[in-house]
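S.K.:
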Amino acid sequence: MFSVDTRSKQPIYRQIMDQIVLLVSTGVLDTGEQLPSIRDLATSLGINPNTVARAYAELEQRGVIDTIPKKGAFVADISLTKEIKEDARIQLADFFTNYRKLGLSADEIRSLAEEAFSHAENQ
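Position 86 of the sequence shown, counted from 1, bears residue number 84 in my numbering, the numbering being contiguous throughout.
Structure follows, in structure tokens:
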């Protein structure tokens, strides 16, 4: 469900944050749903656990997730706040910009995005 691009100029913790915000804002992650543990997510991504911890801490500060000691991190009970929508807009704009720079046309990117969204809805 999560991935990171080590070649990106965007910090890895921010990539994780953006993915979680996007998954929450699109309804792929529901209120109360448990996120992977810091250790499990770090291991699956091949990154330092402190990087995941930083992403989770910032998401908790923004009210996107709730952390319960010895239980884990859970999607907070939130409505689609202005901040979450703005984060999603920024992430999507970055996504489209990066692939345009790689030579994909707007139509190709749009088609890929629609396929990805359709896939996410069916999971």
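We put the beta carbon where it would ideally sit given N, CA and C, even for glycine.
For residue 85, does the count of other Cβ atoms within 10 angstroms reach 16, so buried, or fall short, so exposed?
M.R.: Translated into the one-based positions of the sequence shown, residue 85 becomes position 87. Classification of residue 85: buried, given that the 10 Å Cβ count is 16 or more.
S.K.: In the DSSP output, which residue or residues are listed as bridge partners for residue 62?
M.R.: Position 64 of the sequence shown holds residue 62. According to DSSP, residue 62 bridges with nothing at all.
S.K.: Do residue 72 and residue 31 count as a contact pair if the criterion is CB distance below 8 angstroms?
M.R.: The count along the sequence shown starts at 1 and reaches residue 31 at position 33. The count along the sequence shown starts at 1 and reaches residue 72 at position 74. Yes, Cβ-Cβ distance for residue 31 and residue 72 is below 8 angstroms.
S.K.: Does the separation of the CB atoms of residue 3 and residue 13 fall below 8 angstroms?
M.R.: Counted from its first residue, the sequence shown places residue 3 at position 5. Counted from its first residue, the sequence shown places residue 13 at position 15. Going by C-beta atoms, residue 3 is nearer than 8 angstroms to residue 13.
S.K.: On the premise that residue 88 lies in contact with residue 98, defined as a C-beta separation below 8 angstroms, what is that separation, rounded to the nearest angstrom?
M.R.: Reading the sequence shown from its first residue, position 100 is the one you call residue 98. Reading the sequence shown from its first residue, position 90 is the one you call residue 88. With 8 angstroms as the limit, residue 98 and residue 88 do not qualify as a contact, their Cβ atoms being about 16 angstroms apart.
S.K.: Confirm, please, whether the CB-CB distance from residue 62 to residue 136 is below 8 angstroms.
M.R.: There is no way to answer for residue 136, as the model of the chain reaches only from -1 to 121.
S.K.: Please classify residue 23 as buried or exposed, where buried requires at least 16 other C-beta atoms within 10 Å of its C-beta.
M.R.: The residue given as residue 23 occupies position 25 in the sequence shown. Counting Cβ neighbours within 10 Å, residue 23 comes out buried, since at least 16 surround it.
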